[in-house]
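Asks:
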Amino acid sequence: MKTSQAKTRLSFWEATSIIIGHGVGAGIQAVPFLASRNSLREMLLILCFCYLFNVLLHLIIAELSYNNDGAQFISCFDREMFSGKLKTIFTWAAFALLGLSVLVNVSAFLIGAADVFEQWFELPRFAGMLLFYVIGAGVVFFGLKLVGVCEKFSVAAMVLVVGALLVVVLRRETHPLPTEVQSWKYTAALFGSVSFSLSAVISTPQVVKGLQGDKKRIRGSIAVGLAINAALILLVTLTTLLGAGKDVSKKVALVELGVNLGDWPAVVAFLFSLFALATSFWANTLNLRDIVHEQTRWNEKLSWLAASLPCLLFAALSSLEFVDLSRVAGIIQVVTGIGVIVAYALSRRRVGRSELVGVFGTVPFLILVGLCTLLATVGSAIPLD
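Throughout, the numbering used here is defined as the position within the sequence shown, counted from one, plus 27.
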């Protein structure tokens with residue numbers, strides 16, 4: 028773990044908060060729209076199943092990075108999968124695909140923030156994006172440690188805020204929870220969206236590096252981080268559906284709730300939305316910075332600019348809504364998981380042992396995770412009304 032030992036050290040909760048913060052933004056706030064088209068039973072079953080297979084997927088990713096000294100995906104692919112005359116082409120193709128995934132993802136956060144600022148301050152769309160970009164990218168500029176600290180405090184604030192919102196909603200007249208599945212398309216899309224909401228795959232190497240290869244804390248950070256994320260998904264979904272009813276649009280979920288609640292709960296809902304979007308923005312932009320740095324060998328400041336500025340431009344030019352853009356990002360990012368599984372199988376065979384996953388990294392479990400990943404991709408790709 029030479030690379031990991033050379034990097035900034037994170038505490039357990041800083042590393043765990045990076046896992047939580049990665050998925051809590053775009054994905055978690057897109058779930059209520061799809062949950063409103065399903066019953067509560069489907070929501071709970073999907074959430075439990077997605078948690079279990081995502082824990083295994085993230086541990087597989089952690090071990091792949093661990094076997095390659097804490098490297099990001101592209102470096103792992105380059106070392107484990109690609110060889111021969113076409114190695115350079117494959118490496119840059121993977122870089123382009125993964126970079127596009129994160130770019131679309133971060134653009135969704137900027138569009139979601141613009142929705143919040145438009146509702147709150149009536150700011151023009153681009154002005155809201157620019158304000159959020161300056162604040163968010165400024166944290167990433169200073170690197171992994173500051174991101175970890177900011178993630179930790181932001182996650183704590185989000186837990187308190189969503190708990191307070193749920194209490195406010197329950198003290199008012201609530202809407203009935205959905206009891207029917209409108210269409211199988213929405214069930215498949217919900218599976219894809221929840222999988223994406225629990226996905227912190229690109230942030231997992233940051234945890235491996237930040238915890239300096241401590242196997243016990245890496246496993247704990249992933250399991251606890253995804254569990255808290257699952258709990259937040261459920262709380263945000265129930266709070267939104269109880270407070271706003273079935274008429275949830277494709278905009279940021281808690282912005283919809285804030286409009287329905289009015290007064291100070293609306294301000295609290297807007298703050299949660301900004302915290303959620305910021306944590307995901309920090310995690311994803313930091314990951315993209317490191318991916319660019321590893322591939323191009325540019326210095327970290329130039330890599331940071333190359334990683335963050337195109338996201339602002341893409342968001343400004345995009346005509347897609349928040350949920351739609353989040354689903355596009357989910358399609359690309361979940362597909363990347365297939366490549367990770369193949370790379371892990373090769374890495375495990377090369378190393379000859381399993382430090383993190385053990386028997387759960389054998390072929391039958393890899394096939395199961397691969398099938399779940401494909402199902403999530405299909406769900407994210409299904410067109411909706």
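Every residue gets a Cβ at the ideal spot worked out from N, C-alpha and C, and that includes glycine.
For L137, which residues from the same chain have a beta carbon less than 7 Å from its beta carbon, with the 5 sequence-adjacent residues on both sides left out?
Replies: M156, F159, Y160, C338, L339 and A342
Asks: Taking the straight line between their C-alpha atoms, what separation do you get for T323 and L332?
Replies: 13 Å
Asks: Please classify W413 as buried or exposed, where buried requires at least 16 other C-beta atoms within 10 Å of its C-beta.
Replies: Only positions 28 to 412 of the chain appear in the structure, and residue 413 is not among them; the question remains open.
Asks: Ignoring anything shorter than 4 residues or poking outside the stretch 181-235, list the alpha helix (DSSP H) runs there in chain order.
Replies: 211-224
Asks: Between the Cα of G139 and the Cα atoms of F122, V51 and F39, which residue gives the shortest distance?
Replies: Cα-wise, what sits closest to G139 is V51.
Asks: CA-CA distance, C77 and S330?
Replies: 33 Å
Asks: Considering Cα atoms alone, identify which of V133, K242, F104 and I245 is closest to V369.
Replies: Taking only the C-alpha atoms, the option nearest V369 is F104.
Asks: Which stretch, first to last residue, makes up the alpha helix (DSSP H) that contains Q146?
Replies: K114 to F148
Asks: Starting from N65, trace the alpha helix (DSSP H) both ways and give me its first and last residue.
Replies: Looking at the DSSP string, N65 is not in any alpha helix (DSSP H), and its letter there is neither H nor E.
Asks: Considering L380, what are the terminal residues of the alpha helix (DSSP H) in which it resides?
Replies: In the sequence under discussion, the amino acid at residue 380 is Arg, which differs from the Leu named in the question. Premise fails: R380 is in no alpha helix (DSSP H) and is neither H nor E.
Asks: If we ignore side chains and look at the alpha-carbon of each, how far apart do I229 and G366 end up?
Replies: Take the alpha-carbon of I229 and the one of G366: they are about 13 Å apart.
Asks: Can you give the Cα-Cα distance for T404 and Y371, rounded to whole angstroms?
Replies: 20 Å
Asks: Going straight from the alpha carbon of I55 to that of A120, what length do you get?
Replies: In this structure, the CA atom of I55 is about 29 Å from the CA atom of A120.
Asks: Return yes when the Cβ of Q99 is within less than 8 Å of the Cβ of I318, no when it is not.
Replies: Yes.
Asks: For F39 and Q209, what's the separation of their Cα atoms in angstroms?
Replies: 42 Å
Asks: Exposed or buried, T377, counting other C-beta atoms within 10 Å across all chains shown (16 or more means buried)?
Replies: The sequence as given places Arg at residue 377; Thr does not occur at that position. Exposed, by the Cβ-count rule.
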